[in-house]
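If you read the protein sequences in the order shown, they are chains S and Y. Letter by letter, the first sequence follows residues 1295 to 1462 in our numbering. Letter by letter, the second sequence follows residues 8 to 347 in our numbering. Here a beta-carbon is modelled for each residue, glycine too, at the ideal position from N, C-alpha and C. First the structure, in the form of structure tokens, and then the observations on it.
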Amino acid sequence: MELVLFAGLAVVAGVAALLVVVQRHAVYSALFLIITMGALAGIYILLEAHFVWVIQVIVYAGAIMVLFLFVIMLLDIRREPNPWAPPDRARILVAVVLSLVLLVELGMAVGQRLMLSPAGGPDVAGGFGTTQTVGRLLFTDFLFPFEITSIILLVAMVGAMVLAKKHQ
Amino acid sequence: MLEALIVMLVKIVVVFTALLLTVAYMTWIERKLIADFQVRLGPTRVGPYGLLQPIADGLKLMFKEDLIPSQVDRAIFLLAPSLSIIPAFIAFAVIPFGDTTTLFGLLSKPVPLHITDIDVGLLFVFGVASLGVYGIVLAGWSSNNKYSLLGGLRSSAQLISYELSMGLSVVGVLLLASSLSLVEIVRAQAGLSWWFGILPVPNWFVFSQPLGFCIYFCCALAETNRAPFDLPEAETELVAGFHTEYSSMKFAMFFMAEYANMITVAALATTMFLGGWLGPIAPSPVWFVGKVFLMLFLFIWIRSTLPRFRYDQLMSFGWKRLLPLALLNTVITAVVAARG
């Protein structure tokens, strides 16, 4: 049952992610990105990471995508230049290098996981995905990274405001 | 296993049917109440007191011609009404509408009166509600009509702005109940307490979080596009707004979504601030439904009393008044909760 659900969600996430890239129209790409995010949220449920699942829906599928659609509509990209036209050399080079980096990274992550626990995943205590557990970890073991993240986000926010003000 | 499955299915069917009926009859209640406020009679022709009016309206809408303008983005145009109505109904999966029941001794063991109780229930409702805006934005965009697009953009700006204050306004409740599960939040409101040491009141969070409740209520009006925040469908400026190009049942679906959303935010307000199903003597679902209808009555009362905001007033009210107040409420509650 779990395997069937996982396979279904994984296929949906993968196909939708592919469609994000190949769609000609930016609004359709955004819609498929929402579907990808939704499928990922489903996988989080299977992992019993309840808090992460709900945050995924609120932050990614909800807020960011709304803003994304906003940008697309205000820019009004009705006609993209033909995406099947052969791209220039520099672009291809960058794309190939970035793809290789991603591939190596993925391979390393999977390899590491396999070496750590050859049979199944790592042992985790029951209820590890609940709000209480995540919250406690966030404010004890991971307090420093958590606070650093909030400062970085604040800096980004102030920066965006300064940039937006300049145009007036 | 099988019994649990049947009980679950029965609960889903009952809740869904009750919601659909309430949505239909909310239109009748709203028309009757507004007629009362304006010293008119309201619908009287179809059935006694016009009680069959919603049925007649529904039938009429179903048999209307379904027009699809030729220049619309067809796929998204057809998808948008469903996208706005589905989240409106899903949110009810976690709202508890009563304590436990044995149906007057018919069932062997008590059945809890909620479809499901997840430990992130409150966040779930907010997450699902934040998806509802897609229906409106996409309807506005795909209609290929500048009034629709303006209505859709206004709506998304409004929903994003007020979602923040709405989320912050309930942090106080979370701090006091120390749980995100809606069932636990209701249970935390059991019993009596003393208000200012003299007045005995139920332990409902509306008494310990009056500011939070007011902010939540304002945001709830804005989130459901109700007057005085009904700018996305300002008839006088936008020729009805995001649903201008829709007809027949697709048009009806947007309205069903609006009423379903109203019921959802009213039920959430009941659960978080008014003690949910708690109350003496009468069975728990009666209390829940009664409180929800009290909230809905407030919505209609406000609609027939206040004129619509201007767009700049709407934005400055949300960002410059409600958001700081909600932050203040959060800080004060956190300090009090940490000391007590």
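By the rule that beta-carbons nearer than 8 Å mark a contact, residue 190 (chain Y) does not touch chain S. If you check each beta-carbon in the stretch 109 to 137 of chain Y against every beta-carbon of chain S, the ones closer than 7 Å belong to 125, 126, 127, 130, 131, 133, 134, 137.
Neighbourhood of residue 1321 (chain S) in chain Y, by CB distance below 9 Å: 80, 83, 145, 148, 149, in chain order. Taken through DSSP and simplified to helix, strand or coil, residue 145 (chain Y) comes out as helix. Between residue 151 (chain Y) and residue 80 (chain Y), the gap from beta carbon to beta carbon is short of 8 Å.
For the alpha helix (DSSP H) assignment, the stretch 294 to 321 of chain Y encloses no uninterrupted run of at least 4 residues.
In the three-state reduction of the DSSP assignment, residue 215 (chain Y) falls in the helix class.
When 8 Å is used as the limit between beta carbons, residue 187 (chain Y) is near these residues of chain S: 1425, in chain order.
For residue 1325 (chain S), there is no enclosing beta strand (DSSP E); the enclosing alpha helix (DSSP H) has its first and last residue at 1320 to 1340.
Rounded to whole angstroms, the gap between the alpha carbons of residue 339 (chain Y) and residue 218 (chain Y) is 11 Å. Between the alpha carbons of residue 154 (chain Y) and residue 234 (chain Y) lies a gap of roughly 19 Å. Interface flag for residue 1333 (chain S) against chain Y is unset, since no Cβ pair is found closer than 8 Å. Using a Cβ distance threshold of 8 Å, residue 299 (chain Y) and residue 277 (chain Y) count as a contacting pair. Inter-segment contact for the stretch 183 to 203 of chain Y and the stretch 137 to 144 of chain Y is absent: fewer than three beta-carbon pairs are separated by less than 8 Å.
For residue 202 (chain Y), the beta-bridge partners assigned by DSSP are Y:206. DSSP, read as helix, strand or coil, puts residue 1428 (chain S) in helix. Taking C-alpha positions only, residue 74 (chain Y) is separated from residue 64 (chain Y) by approximately 18 Å. Taking C-beta atoms as the reference points, residue 178 (chain Y) and residue 337 (chain Y) count as a pair closer than 8 Å. Here the alpha carbon of residue 1314 (chain S) sits roughly 14 Å from the alpha carbon of residue 1332 (chain S).
DSSP places residue 1390 (chain S) in the helix class (H, G or I) of the three-state scheme. When 8 Å is used as the limit between beta carbons, residue 1352 (chain S) is near these residues of chain Y: 130, 133, 134, 137, in chain order. Within the stretch 89 to 170 of chain Y, no run of beta strand (DSSP E) at least 3 residues long lies entirely inside it.
The shortest C-alpha to C-alpha distance from residue 159 (chain Y) to any of Y:314, Y:46, Y:248 is the one to Y:248. For residue 1356 (chain S), the residues of chain Y that pass the 7 Å Cβ criterion are 134, 137, 138, in the order they occur in the chain. Under the DSSP assignment, residue 278 (chain Y) falls in the alpha helix (DSSP H) whose first and last residues are 255 to 280.
For residue 1348 (chain S), the chain Y residues whose C-beta falls within less than 8 Å of its own C-beta are 127, 130, 131, 134, listed in chain order.
Between residue 41 (chain Y) and residue 122 (chain Y) a beta carbon distance of about 32 Å is seen, past the 8 Å cut, so the two are scored as non-contacting. With contacts defined by Cβ atoms closer than 8 Å, residue 269 (chain Y) and residue 305 (chain Y) do not form a contacting pair. Taking each of Y:332, Y:100, Y:273 in turn and checking the Cα distance to residue 230 (chain Y), the smallest one comes out for Y:273. Per DSSP, residue 1312 (chain S) is one residue of the alpha helix (DSSP H) stretching across 1296 to 1316.
One finds nothing in chain Y with a Cβ atom closer than 8 Å to the Cβ of residue 1440 (chain S); even the nearest lies about 17 Å away.
Flagged as an interface residue toward chain Y: residue 1345 (chain S), by a C-beta distance shorter than 8 Å. Remark: C-beta atoms of residue 130 (chain Y) and residue 187 (chain Y) approach each other more closely than 8 Å. Across the structure, residue 1430 (chain S) and residue 203 (chain Y) are spaced so that their CA atoms are roughly 34 Å apart.
At the C-beta level, residue 168 (chain Y) and residue 222 (chain Y) stay beyond 8 Å of one another. In the three-state reduction of the DSSP assignment, residue 1407 (chain S) falls in the helix class.
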